[in-house]
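Q: Residue numbering for the sequence shown follows my numbering, beginning at 231 and increasing consecutively.
Built from N, CA and C at the ideal position, the CB exists for glycine as well.
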Amino acid sequence: MLSCRGLFGFATTPIFKSSRALSASSLEDLVEEVATTRRLEQVSELLHWDSMVTMPQTDGHHAARGVQSQALAGVIHERSTSPKIGALIAAVDEKCLEGKELANFRLMVKAYKESCVIPKDLERRKAQVSSDAYVAWTKAREASDFDLFSPLLGEAFSGRSDVSVHPFTTSFSPSDVRITTRFDEGEWYQGLAGSVHEAGHGMYEANLDGECRAVNSPLSMGTHESQSLFWERHVGMSRAFSKFMGPKWREAFGREESDEEIYRAVNTVKRSLIRVEADELTYPLHVILRTRIERDVVNGKVSVGDIPALWNSGMKAMLDVDVPEDSKGCLQDVHWSGLAIGYFPTYLIGAVAAAQLEHHARMELGNFDELIERGEFDAIQAWLRGKVHRHGSEHSSIDELFKEQLGEELKSSYFIKYLTDKYSSIYDL
Numbered sequence: 231m232l233s234c235r236g237l238f239g240f241a242t243t244p245i246f247k248s249s250r251a252l253s254a255s256s257l258e259d260l261v262e263e264v265a266t267t268r269r270l271e272q273v274s275e276l277l278h279w280d281s282m283v284t285m286p287q288t289d290g291h292h293a294a295r296g297v298q299s300q301a302l303a304g305v306i307h308e309r310s311t312s313p314k315i316g317a318l319i320a321a322v323d324e325k326c327l328e329g330k331e332l333a334n335f336r337l338m339v340k341a342y343k344e345s346c347v348i349p350k351d352l353e354r355r356k357a358q359v360s361s362d363a364y365v366a367w368t369k370a371r372e373a374s375d376f377d378l379f380s381p382l383l384g385e386a387f388s389g390r391s392d393v394s395v396h397p398f399t400t401s402f403s404p405s406d407v408r409i410t411t412r413f414d415e416g417e418w419y420q421g422l423a424g425s426v427h428e429a430g431h432g433m434y435e436a437n438l439d440g441e442c443r444a445v446n447s448p449l450s451m452g453t454h455e456s457q458s459l460f461w462e463r464h465v466g467m468s469r470a471f472s473k474f475m476g477p478k479w480r481e482a483f484g485r486e487e488s489d490e491e492i493y494r495a496v497n498t499v500k501r502s503l504i505r506v507e508a509d510e511l512t513y514p515l516h517v518i519l520r521t522r523i524e525r526d527v528v529n530g531k532v533s534v535g536d537i538p539a540l541w542n543s544g545m546k547a548m549l550d551v552d553v554p555e556d557s558k559g560c561l562q563d564v565h566w567s568g569l570a571i572g573y574f575p576t577y578l579i580g581a582v583a584a585a586q587l588e589h590h591a592r593m594e595l596g597n598f599d600e601l602i603e604r605g606e607f608d609a610i611q612a613w614l615r616g617k618v619h620r621h622g623s624e625h626s627s628i629d630e631l632f633k634e635q636l637g638e639e640l641k642s643s644y645f646i647k648y649l650t651d652k653y654s655s656i657y658d659l
């Protein structure tokens, strides 16, 4: 919505109507230009999905895909930094904007400024390195040999321009959201937990406004992880969900365990080599280890070649776990191969936010557990849609979003209380 506000907040008639009309026209053109670029980014995401899920996993196929991704990254960068975008931004009168229109404009300006300080060759190289690094990571993981991955990982960390073995969710539009998951025939719950987690990501993407605008994108990756962890932990790992799932589980597997036994088995606390298999209490330690290593490599305190030893010693010190091989240690996560350096802390931000959302959902819905026990998840999803999903990136931070929707900024106290109450009950502490 376009409007101009007078000194006292009342709508006024501009003296120069042509100037206001020019601003409105420029904004419309700017929105369309950015939307076209976003559609090209969605094509890039589709290529990434295909390379990880359906494309034959040969060196030739990956080499060709790397060249394609590099070329597309160059085109996207050219559009994102074009003088036309800059001219349209300059022609928009920000004082005439409010609400989502103002938020959308500021996001476009921010994206333009950020794109303009990144050389085109660097964007192209990032696309190529990401493609090459993923191939190297899969080979290194299969061989459990970090040295096969180390050279490309070093380039990923350096950021120089010259210089789904793993579950994930991809969205090409709110009407086309796809997830992958992982299964282990020897551990029945991992496949279910991974599917619920990724479905949480998917519901967030699917509930965004379908119009291709900057403001209709996820607020942050911490917010994104709060949605997946809300469903995985506060729904899927709840006592109420065990009551809902128990009869189905017993029928499917011919077992006799009670709902309470299932609940306690799902929430067993034990040391784990693998982050995605860790329980809620030890999971933060996995994140802290990765974050410390990333920070020290980026700051030049250690080299990429030091990562395996740092990882193994960190796992021993923090979890008293011996790492038998690289594939179960520093090669277990796909993130670094995709240049997602610095991503891991978003899991803890998400866990903290998810606990806070559950607290308020219980207060406002009144029958949170009963809804889960009956398998009536639509009411919970609708609540999340109203509190988080539909707002997209309208707010500047998760603190601002929570302040408006929950009446308070992000707080860690809910997360601490959630863990304390839950596991004190399970272990009779």
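Closest by CA to V261, which one among L276, C326, E435, E441?
A: Among L276, C326, E435, E441, the Cα nearest to that of V261 is on E441.
Q: Only counting the same chain, and skipping five residues up and downstream in sequence, which positions put a Cβ closer than 8 angstroms to that of I245?
A: Note that I245 has pLDDT 37, beneath the 50 cutoff, so the model's placement of it is unreliable and the number below is only indicative. For I245, where only same-chain residues beyond five positions count, there are no Cβ hits under 8 angstroms.
Q: Please classify R469 as buried or exposed, where buried requires at least 16 other C-beta atoms within 10 Å of its C-beta.
A: With 16 or more Cβ atoms within 10 Å of its Cβ, R469 is classed as buried.
Q: Would you kindly check if the distance between the Cβ of F632 and the Cβ of E638 is under 8 angstroms?
A: For E638 and F632, yes; Cβs fall inside 8 angstroms.
Q: Alpha carbon to alpha carbon, how far is G568 from S425?
A: One C-alpha to the other measures close to 21 angstroms.
Q: Less than 8 angstroms between the CB atoms is what I'm expecting for K203 and Q586, so what's the real figure, rounded?
A: No answer is possible for residue 203: it lies beyond the span of the chain, which begins at 231 and ends at 659.
Q: Could you tell me the distance, in whole angstroms, from the CA atom of G329 to the CA atom of R620?
A: Going from the Cα of G329 to the Cα of R620 covers about 14 angstroms.
Q: Only counting runs of 3 or more residues, tell me where the beta strand (DSSP E) segments fall wholly within the region 399-476, in order along the chain.
A: With a minimum length of 3 residues, the continuous beta strand (DSSP E) runs that stay inside the region 399-476 are 399-403, 406-409.
Q: With the cut-off set at 8 angstroms, would you say H307 and S361 are in Cβ contact?
A: Taking 8 angstroms as the Cβ cut-off, H307 and S361 do not qualify as a contacting pair.
Q: Kindly indicate which three-state DSSP category L686 falls into: helix, strand or coil?
A: The structure shown does not extend to residue 686, since the chain is modelled only from 231 through 659, so no value can be given for it.
Q: In this structure, how does DSSP classify L569 when only helix, strand and coil are distinguished?
A: Three-state DSSP puts L569 in coil, outside helix and strand.
Q: Please report the distance separating the alpha-carbon of R390 from that of R354.
A: Annotation note: pLDDT 40 at R390 (below 50); position unreliable, coordinate value reported separately. Straight-line Cα distance between these residues: approximately 11 angstroms.
Q: Contact check, G430 vs S458 under 8 angstroms by CB: the rounded distance?
A: The pair is a contact, with the Cβ atoms about 4 angstroms apart (cut-off 8 angstroms).
Q: Is the region 344-354 touching the region 519-534 in the sense that three or more CB pairs, one from each, lie closer than 8 angstroms?
A: These segments do not touch.
Q: Which same chain residues, not among the five before or five after D414, have their C-beta less than 6 angstroms away from its C-beta?
A: Excluding positions up to five away in sequence, the list reads Q420.
Q: Could you have a look at L540 and say whether DSSP puts it in helix, strand or coil?
A: Three-state DSSP puts L540 in a helix.
Q: I646: buried (16+ other C-beta within 10 angstroms of its C-beta) or exposed?
A: With fewer than 16 Cβ atoms within 10 Å of its Cβ, I646 is classed as exposed.
Q: Excluding the five sequence neighbours on either side, which residues of its own chain have a C-beta within less than 7 angstroms of the C-beta of A584, listed in chain order?
A: So the qualifying residues of the chain are S456, L459, F460, R463, H464.
Q: Is L327 helix, strand or coil when you go by DSSP?
A: Of the three classes helix, strand and coil, the one that applies to L327 here is strand, per DSSP.
Q: Three or more beta-carbon pairs under 8 angstroms between the region 608-619 and the region 471-488, yes or no?
A: At 8 angstroms Cβ cutoff, the stretches do not touch.
Q: May I have the straight-line CA-CA distance separating D323 from A357, to the nearest angstrom?
A: C-alpha separation (whole angstroms): 35 angstroms.
Q: Could you give the uninterrupted runs of the alpha helix (DSSP H) lying entirely in the region 250-336, keeping only those of 4 residues or more?
A: 289-310, 313-321, all fully within the region 250-336.
Q: Whose C-alpha, out of Y657, N437, E603, L422, is nearest the C-alpha of R494?
A: Taking only the C-alpha atoms, the option nearest R494 is Y657.
Q: Flag this pair as yes or no: are the beta carbons of S345 and S388 separated by less than 8 angstroms?
A: For S345 and S388, no; Cβs fall outside 8 angstroms.
Q: Along the alpha helix (DSSP H) that carries Q586, what are the first and last residues, could you check?
A: That run of the alpha helix (DSSP H) goes 575-595.
Q: Rounded to a whole number of angstroms, what is the C-alpha to C-alpha distance between I518 and M545?
A: Approximately 11 angstroms, taken between the alpha carbons.
Q: Can you give me the C-alpha to C-alpha distance between W566 and F574, rounded to a whole angstrom?
A: If you take the alpha carbons of W566 and F574, they lie about 10 angstroms apart.
Q: By how many angstroms is the C-alpha of R592 removed from the C-alpha of Y513?
A: Roughly 24 angstroms between the two C-alpha positions.
Q: How is C560 classed by DSSP in three states: helix, strand or coil?
A: If DSSP states are grouped into helix, strand and coil, C560 belongs with coil.
Q: Would you mind reading off the limits of the alpha helix (DSSP H) that contains T650?
A: Unbroken alpha helix (DSSP H) run through T650: 643-656.
Q: Which word fits K652, buried or exposed, when buried means at least 16 other C-beta atoms lie within 10 angstroms of its C-beta?
A: K652 is buried by the Cβ-count criterion.
Q: May I ask whether a heavy atom of the ligand ATP can be found less than 7 angstroms away from the beta carbon of A585?
A: The ligand ATP is absent from the structure shown, which contains no ligands of any kind.
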